Structure formats: C-alpha cells, structure tokens
Amino acid sequence: MDFRFTDEQVMFADAVRNFAQRNLAEGALERAHEEAFPRSLKSMMHAQGLLGITIPEEHGGQGGTLMDAVIAIEQIALICPRSADVIQEGNFGAVRTLAQYATPDQRERFLMPILRGEEVIAVAMTEPDAGSATTDLATSARPDGNGFRIKGAKVFPNPNADQYLVYVRFGPGVRGIGSVMLRNGAEGFHVGEPSHFMSGAPWAPLYFDDVFVPPEDVLLPAGGFKKQISGFNAERIGNAARALAYGRYCFNEAREYALERKQFGRPLCEFQGLQWKFSDMKTEMEAAQLLLYRAASNADRGLPAADETTMAKLMCNQVGFKLTNEAIQVMGGLGYSQEALIEYCFRRSRGWMIAGGSLEMMRNRLAENIFDRRFSQRPPKSESTE
Ligand SMILES: Cc1cc2nc3c(=O)[nH]c(=O)nc-3n(C[C@H](O)[C@H](O)[C@H](O)COP(=O)(O)OP(=O)(O)OC[C@H]3O[C@@H](n4cnc5c(N)ncnc54)[C@H](O)[C@@H]3O)c2cc1C
C-alpha cells in the first residue's frame, strides 16, 4: 500500500497543471459565467492528449488509466473549474460506454469526432417519469424495416450536444432496455424549450417523434442495461473528482484570503474559529480524496469497485459542496459575489448531489452491499400497478 502518486503520475499532474496555467487561468471567471458548454476548448484539450485518456490507442484514445483521467480533471478544475467540463465529457460517462461497446464503424462515425475535439456527446437517459427509477423509461424503439423508430422524450441533457447516447426500450422490463446513437437535428428529433440549472448551464427536453435509427446505430440491443449502467461507474468517478476538486479550489482560495485579509487589525487566519474550520475542511477533503483515489486505482487494477465508487461519490459530493459553502463563509461578501469563482463552484457542485445518481440512490446501493440483500424500492407486487 502506497498513498503517494508514482513518479509518472507526478510528472503528468505537473504537465497538466502547467498546461492549464498557460492556457486556462486567464479567463477562468468569464468562462464560468458563459452559458454554453465550452466546446471551443475541445481541440486544445485534444492536442494536449486530454481526451479519451482511458480509451485504448488503437481506438483513438491515449491508452492511459482512470487515475490519469482523475488527475487530469482535478488539475484542470483547480485552475479553471469550468474547463473541467471538457475533460468530463471527453473521458467519463457516455464517451466511455460508447468506446467500450461501439462497433469499428460506430467508433469511426461517433467516437472519433469526439476524441478529435470536433463533436460533443451527452447521455439522454432521464425522462419526465423516470428519474432515479431509470428502468421505468418509456422511450420506445419500435422495429421498422431493418431499423427502429424512436418515440419518446428525455429531460435534462445538454441541448447543444452533437450526438446523444439515448437509453431506449426495445421491449418490456429491464431486459428490454438498450441504447442507440442519435444525432442532434435528425429527422423527427426536436429540442424543446431551453431551461437553466442553478449553475447557469442550459438543459432542454428532447423529443423523438419516430426518429429512424438504422441497425448500425444501435449501440446496445435489448439486454444492454447492465452494461450501460456499469459505464456509469466511470461517470461517477469523474463526477466525484470534479466535485472534490471544486471544493479544493475553494479551500485554496479561502486559505489565501485568510492569510491576506485583515479585520480587527489582524489576518483572518489568526482567529481560532476560522483555524478550526480550516482544520476540519482539510481533514474531510483528504479523507474524501483517499476514497476517490482508491476507487479509481482499484478500478484500474480490475478489482470490483462498484461500492468503492459509490462511497467515493457520496463522500466527494458532500465534502466538495461543504468546502465551497465554508469558503463562501470565510470570504464573506466577496465569497458570495460573482467577482469570485467561489459562488459558481457552490452552485455547480450542488447539482452533482443529484446528477449521476443522487446521494440517496448511492446510499440505497451501499445498503444492499452492506447487508448483502436486494431492497426493492417498489411497492409489493400486489399493490404495484405493474
Ligand atoms: C446538473 C444535472 C445534470 C444532469 N445531466 C443529465 C444528462 O446529461 N442526461 C440525463 O439523462 N439526465 C441528466 N440529469 C438528470 C439526473 O440524472 C436526474 O436528475 C436524477 O437521476 C434524479 O432524477 P429526478 O431529478 O427525476 O429526481 P427523482 O428521481 O424524482 O427524485 C427526487 C428525490 O427523491 C429521491 N429519491 C428517489 N427515489 C428514492 C428512493 N428509492 N430512496 C430514497 N430517495 C429517493 C431522490 O434522491 C431525489 O432526492 C442531470 C441532472 C442534474 C441535476
């Protein structure tokens, strides 16, 4: 057991940090307040080798590890929190599921444009009546000729993505669920009225009105649900890494502020009430960090990591958010103001307690692991409408 980065990991972290300092430090505040996903950064991230880090080189990626991807997302977030969105999109979640299950032809048409920094992908999973209960999804894939017609609606994804990994139902039950690749703008594909998250990022409902999907655009046929959801394990690592990195960013800013800012004729750091706050923040931050690194490095070693990922997400989401909140308190009115990035990190990290599996769903999952029993969340069969 060794709790330090390897020499290669230290070098990689230094390289990413230097890249971020040179290219992303300037404009970080403005970028956070821009509405749209920062897609213009994708080609630069591609050139730096920061897209598809975990994807094998023969499939257009960098052939690195999940820990490398975690290091990348942390180092970018610590300099420019918003830019870490690009690392998330190009390394965790939908892109990984796509890379894992795509046919060579799908890799060429869907994956490569993402990895080259030309296109943006999003997952379209949540529906108006299927949030945490993902398997209640109703978007249907009806056979038509040798392809399928997709009908239904999704909520909450980035409305400006070029392609969507869409969870669909080929038949009844969990076994009927699979996924298809859809392009924004396909015939019958409509983006609804945009709304905004608390972070300022837009989302919009997507409507599929008998969109035709040729057989070669089916990613996972019926029976693919477990594979899709296991792709979420990696999404959760990215989600957790960003949440904690946002917290660390705020911790660092608040620490600098406490060293400089004087009240009652002395720097804030000399007040014991704040010192203890920092001591607790630091302790929780490092505890969450260890859970995250354990989950990522064990996943790299091929060890079963679902519960480790769940605990890492649970802890990093909560600690990350708490650190952003405490940093606002330390920085007073300035922390609460849009002149500092702290309030952005606070608003943004709140969403990760819901996205990618809510804290409650993480706890449900852990409880099953602890008791080695499945606890159905549904009413007993006799009361169920199913
Ligand atoms: C910032 C952000 C980005 C998102 N991006 C995407 C995206 O790109 N693509 C996409 O498809 N979706 C996206 N989502 C949607 C996200 O996946 C859902 O919000 C999430 O799954 C929860 O579903 P819901 O909002 O319908 O809440 P609900 O499922 O209605 O839950 C409401 C509350 O009840 C709790 N709850 C529900 N069931 C249980 C239970 N059995 N036990 C205990 N508590 C329970 C939940 O934890 C939650 O607190 C995003 C959400 C956010 C906030």
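Take 6 as the starting number for the sequence shown in the numbering used here and just add one per residue.
Beta carbons: idealized from backbone N, C-alpha and C, even for Gly.
Computed from a predicted model, the values in this text were never measured in an experiment.
One question on the structure: do Pro210 and Val160 come within less than 7 Å of each other, judged by their Cβ atoms?
Taking the sequence shown and counting its residues from 1, one reaches residue 210 at position 205. Taking the sequence shown and counting its residues from 1, one reaches residue 160 at position 155. Yes, Cβ-Cβ distance for Pro210 and Val160 is below 7 Å.
Tyr349 to Glu63, Cα distance in whole Å?
On the sequence shown, residue 349 is found 344 positions in, with the first residue counted as 1. On the sequence shown, residue 63 is found 58 positions in, with the first residue counted as 1. If you take the alpha carbons of Tyr349 and Glu63, they lie about 38 Å apart.
Using a 10 Å radius around the Cβ and a threshold of 16 neighbouring Cβ atoms, would you call Arg27 buried or exposed?
The sequence position of residue 27 within the sequence shown is 22, counting from 1. Exposed is the call here.
Leaving aside the five residues before and after Val407 along the sequence, list all residues of the same chain whose C-beta is less than 6 Å from its C-beta, in chain order.
The question about residue 407 has no answer, for the chain in this structure spans 6 to 391.
Taking only runs of the alpha helix (DSSP H) that begin and end inside the region 218–297, which ones reach a length of at least 4 residues, in chain order?
Whole alpha helix (DSSP H) segments, 4+ residues: 230–265.
Hey, how far is the Cα of Val223 from the Cα of Pro61?
The residue you call residue 223 lines up with position 218 of the sequence shown. The residue you call residue 61 lines up with position 56 of the sequence shown. Their Cα atoms are separated by approximately 22 Å.
Using a Cβ-Cβ cutoff of less than 8 Å, which residues in the same chain neighbour Ser200 once the five nearest sequence positions on both sides are dropped?
Working through the sequence shown from its first residue, we reach residue 200 at position 195. Within the same chain, Ser200 has close Cβ partners Pro207, Trp208 and Ala209.
Quick test of your reading: Leu55 and Ala99, contact by CB under 8 Å. State the CB separation rounded to the nearest angstrom.
Within the sequence shown, numbered from 1, the residue matching residue 55 stands at position 50. Within the sequence shown, numbered from 1, the residue matching residue 99 stands at position 94. That belief does not hold up - the Cβ atoms of Leu55 and Ala99 are roughly 17 Å apart, past 8 Å.
Output the distance between the C-alpha atoms of Asn151 and Phe194, rounded to the nearest integer angstrom.
As a first step, residue 151 must be located in the sequence shown, where it is residue number 146. As a first step, residue 194 must be located in the sequence shown, where it is residue number 189. Roughly 20 Å separates the two Cα atoms.
So, are the CB atoms of Cys321 and Leu297 less than 7 Å apart?
The residue you call residue 321 lines up with position 316 of the sequence shown. The residue you call residue 297 lines up with position 292 of the sequence shown. Yes, Cβ-Cβ distance for Cys321 and Leu297 is below 7 Å.
Sorry if obvious, but does the Cβ on Gln382 come closer than 6 Å to a heavy atom of ligand 1?
As a position in the sequence shown, residue 382 is number 377, starting the count at 1. The answer is yes for Gln382.
Assign Glu391 to one of three DSSP states: helix, strand, or coil.
Against the sequence shown, residue 391 aligns to sequence position 386. Caution is warranted here: a pLDDT of 48 is assigned to Glu391, below 50, making its placement in the model unreliable, and no coordinate value can be reported.
Taking C-alpha atoms, which residue in Ala317, Leu83, Glu240 and Gln14 lies nearest to Asp31?
As a working mapping, residue 31 is identified with position 26 in the sequence shown. Per the sequence shown, residue 31 should be read as Glu rather than Asp. Residue Leu83 is the option with its Cα nearest to Glu31.
Could you check the C-alpha separation between Arg44 and Glu124 for me, to the nearest Å?
The sequence position of residue 44 within the sequence shown is 39, counting from 1. The sequence position of residue 124 within the sequence shown is 119, counting from 1. Arg44 and Glu124: Cα-Cα distance of roughly 8 Å.
Report yes if the CB atom of Pro162 is closer than 7 Å to the CB atom of Ala127, and no otherwise.
On the sequence shown, residue 162 is found 157 positions in, with the first residue counted as 1. On the sequence shown, residue 127 is found 122 positions in, with the first residue counted as 1. Their beta carbons are under 7 Å apart, which means Pro162 touches Ala127 by this criterion.
For Ala372, is the beta carbon positioned less than 6 Å from some heavy atom of ligand 3?
Absence of ligand 3 from the depicted structure is noted, with ligand 1 being the only ligands included.
For the candidate residues Lys282, Ile58, Gln14 and Met367, whose alpha-carbon lies nearest to that of Ile3?
Only positions 6 to 391 of the chain appear in the structure, and residue 3 is not among them; the question remains open.
Using a threshold of 7 Å, state whether the C-beta atoms of Tyr262 and Ser354 are closer than that.
Taking the first residue of the sequence shown as 1, we reach residue 262 at position 257. Taking the first residue of the sequence shown as 1, we reach residue 354 at position 349. No, Cβ-Cβ distance for Tyr262 and Ser354 is not below 7 Å.
What are the boundary residues of the beta strand (DSSP E) that includes Asp73?
As a first step, residue 73 must be located in the sequence shown, where it is residue number 68. From DSSP, Asp73 is part of no beta strand (DSSP E) but of the alpha helix (DSSP H) over Leu71 to Ile84.
Do you know offhand how far Gly307's Cα is from Val21's?
Working through the sequence shown from its first residue, we reach residue 307 at position 302. Working through the sequence shown from its first residue, we reach residue 21 at position 16. Computed Cα separation, rounded: 26 Å.
Check whether the region 324–343 and the region 102–122 are in contact - that is, three or more C-beta pairs closer than 8 Å.
Counting Cβ pairs under 8 Å, fewer than three are found: no touch.
Taking the Cβ atom as the reference point for each residue, do Ile242 and Thr314 lie within a distance shorter than 7 Å?
The count along the sequence shown starts at 1 and reaches residue 242 at position 237. The count along the sequence shown starts at 1 and reaches residue 314 at position 309. In this structure, Thr314 lies closer than 7 Å to Ile242 by Cβ.
Can you check DSSP and say which residues form a bridge with Phe194?
Your numbering for residue 194 matches position 189 in the sequence shown. Beta-bridge pairing links Phe194 to Phe213.
Quick check on the burial criterion: 16 or more other C-beta atoms within 10 angstroms. Buried or exposed for Phe269?
As a first step, residue 269 is located in the sequence shown; it is residue number 264 there, counting from the start. By the 10 Å Cβ count, Phe269 comes out exposed.
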